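Below is one structure, written out as structure tokens; the observations come after it.
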Amino acid sequence: MTELLDQDIKYLKGVGPHRAKMLESELGVKTLRDFVTTYPYKYIDRTEIHTINDLREDMPYVQICVHITDFSTEGTGSRQRLKALATDGTGYVELVWFQGAKYYERQIKMTERYLVFGKPSWFNGRISVVHPELEVLRPDQAAEGTFGGKLQPHYHTTERMKRASLTSKVLTRLMTEAFTLIKGHDLETLPDYIRSEYHLIDRGEALRRIHFPTSAGELPEASRRLKFDELFYLQLDLLRYVRSRKERGVGTVFAKVGPAFLDFFQNHLPFSLTGAQKRVMHEIRDDLRTGRQMNRLVQGDVGSGKTVVALMTCLLAIDNGFQACLMAPTEILAGQHFATITGLLRDTGIDVRLLTGSVTGKKRKDILEATADGRCQLLVGTHALIEPTVVFQRLGLAIIDEQHRFGVKQRAMLWAKNNIPPHVLVMTATPIPRTLAMTVYGDLDVSVIDELPPGRQPVTTLHYNNSQEATLHDGLLRQLQAGRQVYVVYPLIEESEKSDLQDLMTGFESVSAAFPQYKVGIMHGRMSSTEKDDAMARFSSGETQILVATTVIEVGVNVPNATVMVIENADRFGLSQLHQLRGRVGRGADKSYCILITHNRLSDHTLRRMEIMTETCDGFRIAEEDLRLRGSGDLQGTAQSGMPLDLNIADIVRDAELMAVCREAAMHVVETDPDDCLPQNDIIRRQLKIMTHREDFSGIS
Ligand code: ADP
Ligand code: MG
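Each residue of the sequence shown is one higher than the one before, starting from 7 at the first, in the numbering used here.
Shown next, in the form of structure tokens:
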């Protein structure tokens, strides 16, 4: 069976080398197996025949069975159209073709009966169907009334495929060929015990139903079965990968809680930890005692206090005779971390240094030396830290803040900085719903700080349209008069987007004109990092009271005196991005505001997004809503960990519940068959091999 499914698709009757190339380049289909797992994305119901007097404009695609009583071509050249009048005895419809008028004119015969398929619309006082499909009814079909009668599958095709006449219809025909070929073969991929436990139908039957359903009722069981396959093997692959990494991944043991940690905890920590911070600290400490390398992701909403958790983990490394490093995605953030940490560690005698691209000359040389000989105990910096010139004497811990800006490869480069790879802690404010985190981050264990420090007032979020300028102006003025500061943010400036820069500049000018008594700063992605740092420093020190900026301020910056975040063209931002921006205010004791500004004609979808923002400050809820509204598409890009297997039918967001079930099933297999030898799992091993041979699962490392 395996050999048959592995057969090159070009040998399938009706395909050949040319179409095979097209299938591979456009759909990634190389083998028969790839082809039969290319699933329809929708079905059109051709089981029902409507009567013309039933048709209404709001109906989706319908079928009618008609005679054509009259037809004529109107217009000339490209504006030519063919109109035909058709009846089934209950009324008349007009059929219209703008394209291919000549072709249809030659085809139509008033003696035939036709099956007409299309979307009804109301035009010129009568129901018409534009560009219908037309099928001649054979006399035997007409006699028996057995026409139509199917759910018609529709397959995705690309423009190139359509130009080469490789349409959904043709794919359906080729699929019929494929099924003739594999008929009678065993297509099963799951052991009986799993199938019966989870009530899954036979895979061959599921495939048949998904491509050629005889009724809509056949579909749910079939799609559940095929989704199960994908999600089960996805989870199994991940679990086995994690297991093997844990077996291989020797790590250093941080057995001690020593003076650095204790002194800080007892004498320097300016607040008591939240319950969530304590729990995460425990999880980290447990990892550090195992003798295996830690690979942990700490997720926590903006302001949840990840920095102090990071710092305390560094102190554990130091107590055990190791160095630690903390890597941030931008110079601004690295600088802020450095300032916060040196502030917290004042008088502890711990050696902390800052290394970024702009540290040069003698200063750089000193830092590199101190890092190499071990005097520097904690090195904070940007990706400058992963350059080969940075050599540690004994690196025991690497912390990466705001992980989504770093690729998997960069993480791996940090590992190589010590003989025994350092423990890795990744911190992110991008809240991925818990059900998905495991799958998206793959090899990382996940901790969640799901509690904000006490006394935080939620940021009041308001949605204004741009006719409410006066109200906005008054509100801002009150805040400024009270000595507070304001951010005004515009959508990102891309290299190519001149109009965005224009918007920002116009915004800067109008804000400056509206508040002449205050100083306004500006900051955007095209400024050099020194210029950006300067702009940020002036705002931070209060020299400027208003900062007009693009999303360069999105991540991490901390100016507690800023209490208002105005977001212009808020509809152009994603929800998670809006949430990040909002997190820049509400960082001090004062009541803070986030004002979302849009024009006033919004789609329902956009309006809903704005409502979510005004309703909640819970990052996880926002992330979940965002996923529901946008689908899982962006998720993988954000997380930067490639999915090990392609999913053709399952969706990690929509099918999150089934994924949890599959994870449990996969976990059971891993636990009950730790040595990979139980005969009832032969079929699983075979299948895993097939799948992992095809897909190179080296992405997550
Ligand atoms: P983030 O998770 O966004 O990186 P930070 O670590 O920057 O958050 O913390 C946000 C602010 O909250 C900082 O000013 C920090 O000092 C403060 N903070 C952190 N933990 C606590 C706590 N347990 N109690 C009170 N304030 C805290
Ligand atoms: Mg932070």
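Backbone N, C-alpha and C define an ideal beta-carbon position, used for all residues, glycine too. Just so you know, these numbers come straight off a predicted model, no measurement behind them.
### Task
Jot down the residue ranges of each uninterrupted beta strand (DSSP E) in the stretch 345-402, minimum 3 residues, whole runs only, in chain order.
You should have 358-361, 384-387.
### Message
For Ala330, which residues in the same chain have their Cβ closer than 6 Å to its Cβ, ignoring the five residues on either side in sequence?
### Response
In the sequence shown, the residue the question calls residue 330 occupies position 324. So the list reads Cys320, Ala323, Leu384, Leu403, once near-sequence residues are dropped.
### Spatial distance of Pro145 from Ala90 (CA atoms)
Taking the sequence shown and counting its residues from 1, one reaches residue 145 at position 139. Taking the sequence shown and counting its residues from 1, one reaches residue 90 at position 84. Going by the C-alpha atoms only, they are around 22 Å apart.
#### Entry: His674 classed as buried or exposed, judged by whether at least 16 other C-beta atoms fall within 10 angstroms
Locating residue 674 in the sequence shown gives position 668, where the first residue counts as 1. Flag for His674 reads exposed.
### Query
Taking the C-alpha atoms as reference points, what is the distance between Asp596 and Arg231?
On the sequence shown, position 590 is the one that residue 596 refers to. On the sequence shown, position 225 is the one that residue 231 refers to. Computed Cα separation, rounded: 54 Å.
### Query
In whole angstroms, what separates the C-alpha of Ile188 from that of Ile618?
In the sequence shown, counting from the first residue as 1, residue 188 sits at position 182. In the sequence shown, counting from the first residue as 1, residue 618 sits at position 612. Straight-line Cα distance between these residues: approximately 50 Å.
### Query
With respect to 6 Å, is the separation between the Cβ of Gly306 and the closest non-hydrogen atom of ligand 1 below this value?
Position 300 of the sequence shown holds residue 306. Gly306: yes, Cβ under 6 Å from ligand 1.
#### Entry: Span of the beta strand (DSSP E), counted from its first residue to its last, around Arg99
To locate residue 99, count along the sequence shown from 1; it is residue 93. Looking at the sequence itself, residue 99 is Val, so the reference to Arg does not match. Its beta strand (DSSP E) spans residues 98-103.
### Query
Is Lys175 near ligand 3, with its Cβ less than 6 Å from a heavy atom?
In the structure on display, ligand 3 does not appear, and the ligands it does have are ligand 1 and ligand 2.
### Query
Which of the three DSSP states, helix, strand or coil, is assigned to Pro159?
The sequence position of residue 159 within the sequence shown is 153, counting from 1. In this structure, Pro159 counts as strand in the three-state DSSP scheme.
### Task
Confirm, please, whether the CB-CB distance from Gly380 to Gln399 is below 7 Å.
Numbered from its first residue, the sequence shown carries residue 399 at position 393. Numbered from its first residue, the sequence shown carries residue 380 at position 374. The Cβ atoms of Gln399 and Gly380 sit closer than 7 Å to each other.
### Task
Figure out for me which residue from Asn301, Tyr120, Val135 has the closest Cα to the Cα of His429.
What you label residue 429 is simply residue 423 of the sequence shown in a count that begins at 1. Comparing Cα-Cα distances from His429 to each of Asn301, Tyr120, Val135, the minimum goes to Asn301.
### Query
Taking all protein chains shown into account, do 16 or more other C-beta atoms lie within 10 angstroms of the C-beta of Lys538, making it buried, or fewer, making it exposed?
For the purposes of this step, residue 538 is taken as the residue at position 532 of the sequence shown. It is buried - the Cβ of Lys538 has at least 16 other Cβ atoms within 10 Å.
### Task
Return the first residue and the last residue of the alpha helix (DSSP H) that Glu475 is part of.
As a first step, residue 475 must be located in the sequence shown, where it is residue number 469. Run containing Glu475: 475-487, per the alpha helix (DSSP H) assignment.
### Residue nearest to Arg607 in terms of C-alpha spacing, selected from Met511, Met697, Ser473
Working through the sequence shown from its first residue, we reach residue 607 at position 601. The shortest CA-to-CA distance from Arg607 to any of Met511, Met697, Ser473 is the one to Ser473.
### Query
With contact counted as at least three CB pairs below 8 Å, one residue from each stretch, are the stretch 247-263 and the stretch 213-225 in contact?
no
### Span separating the alpha-carbon of Gly648 from that of Ile658
The residue you call residue 648 lines up with position 642 of the sequence shown. The residue you call residue 658 lines up with position 652 of the sequence shown. Confidence in Gly648 is poor, its pLDDT being 40 and thus under 50, which makes the residue's placement too unreliable to answer from.
### Message
Please report the straight-line C-alpha distance between Gln642 and Leu581, rounded to a whole angstrom.
### Response
Taking the first residue of the sequence shown as 1, we reach residue 642 at position 636. Taking the first residue of the sequence shown as 1, we reach residue 581 at position 575. Since pLDDT at Gln642 reaches only 40, below the 50 mark, its modelled position is unreliable, and the value read off the structure follows with that caveat. Cα to Cα, Gln642 sits roughly 16 Å from Leu581.
### Query
Based on the DSSP secondary-structure assignment, which residues constitute the bridge partners of Phe77?
In the sequence shown, the residue the question calls residue 77 occupies position 71. Answer is Ala90, bridged to Phe77.
### Message
In whole angstroms, give me the CA-to-CA distance for Lys48 and Ser134.
### Response
Position 42 of the sequence shown, counting from 1, holds the residue named residue 48. Position 128 of the sequence shown, counting from 1, holds the residue named residue 134. Their backbone Cα atoms lie some 24 Å apart in a straight line.
### Neighbour-count burial assignment, His343, 16 or more Cβ in a 10 Å radius
Residue mapping note: residue 343 aligns to position 337 of the sequence shown, counting from 1. His343 is buried by the Cβ-count criterion.
### Query
Pick from Leu180, Asp661, Asp681: whose alpha carbon is nearest that of Ile15?
Translated into positions along the sequence shown, residue 15 becomes position 9. Comparing Cα-Cα distances from Ile15 to each of Leu180, Asp661, Asp681, the minimum goes to Leu180.
### Query
DSSP state of Cys71, grouped into three classes?
Position 65 of the sequence shown, counting from 1, holds the residue named residue 71. Reduced to three states, the DSSP call for Cys71 is strand.
### Message
What would DSSP say about Ser31, mapped onto helix, strand or coil?
### Response
Walking along the sequence shown from the start, residue 31 turns up at place 25. Note: Ser31 maps to helix in three-state DSSP.
#### Entry: Check whether Val558 and Ser546 have beta carbons under 7 Å apart
As a working note, residue 558 is residue 552 in the sequence shown. As a working note, residue 546 is residue 540 in the sequence shown. No; because the gap between Cβ atoms is not below 7 Å, this pair is not in contact.
### Message
Does the stretch 193-203 come into contact with the stretch 167-175, if we say contact requires no fewer than three beta-carbon pairs (one atom in each stretch) closer than 8 Å?
### Response
no
### Query
Looking only at its own chain, which residues have a Cβ that is under 6 Å from the Cβ of Gly527, when we skip the five neighbours before and after it?
As a first step, residue 527 is located in the sequence shown; it is residue number 521 there, counting from the start. Contacts found: Ala541, Arg544, Phe545, Thr550, Leu553.
### Query
How close, in whole Å, do the beta carbons of Phe267 and Asp325 come, if the pair is a contact with beta carbons under 8 Å?
Reading the sequence shown from its first residue, position 261 is the one you call residue 267. Reading the sequence shown from its first residue, position 319 is the one you call residue 325. Contact holds; Cβ gap of about 5 Å.
### Message
At a threshold of 6 Å, does Lys312 count as lining ligand 2 (C-beta to nearest heavy atom)?
### Response
The residue labelled residue 312 in the question sits at position 306 within the sequence shown. Answer for Lys312: yes, Cβ within range of ligand 2.
### Beta-carbon contacts of Gly341 that lie in its chain and below 8 Å, excluding the five residues immediately before and after
Residue 341 sits at position 335 when you count from the first residue of the sequence shown. Leu360, Thr362, Asp539.
### Query
Which residue's Cα is closest to the Cα of Thr466: Gln305, Thr620, Val397?
Along the sequence shown, one-based indexing puts residue 466 at 460. Measuring from the Cα of Thr466, the nearest candidate turns out to be Thr620.
### Task
Please report the residue range of the beta strand (DSSP E) in which Val21 lies.
Along the sequence shown, one-based indexing puts residue 21 at 15. Per DSSP, Val21 belongs to no beta strand (DSSP E) and is neither H nor E.
### Query
For Ser704, which residues from the same chain have a beta carbon less than 8 Å from its beta carbon, with the 5 sequence-adjacent residues on both sides left out?
Indexing the sequence shown from 1 puts residue 704 at position 698. Legend: pLDDT at Ser704 = 34, less than 50; position of this residue unreliable, value from coordinates given subsequently. Answer for Ser704: no residue qualifies.
### Message
Can you list, in chain order, the residues of its chain with a C-beta nearer than 7 Å to that of Ala184? Leave out the 5 residues immediately preceding and following it.
### Response
Translated into the one-based positions of the sequence shown, residue 184 becomes position 178. Here the set comprises Leu18, Leu38, Phe41, Val42.
### Message
For a test of your reading of the model: does the CB of Pro459 fall under 6 Å from any non-hydrogen atom of ligand 1? Yes or no.
### Response
By 1-based counting over the sequence shown, the position of residue 459 is 453. The nearest non-hydrogen atom of ligand 1 is less than 6 Å from the C-beta of Pro459.
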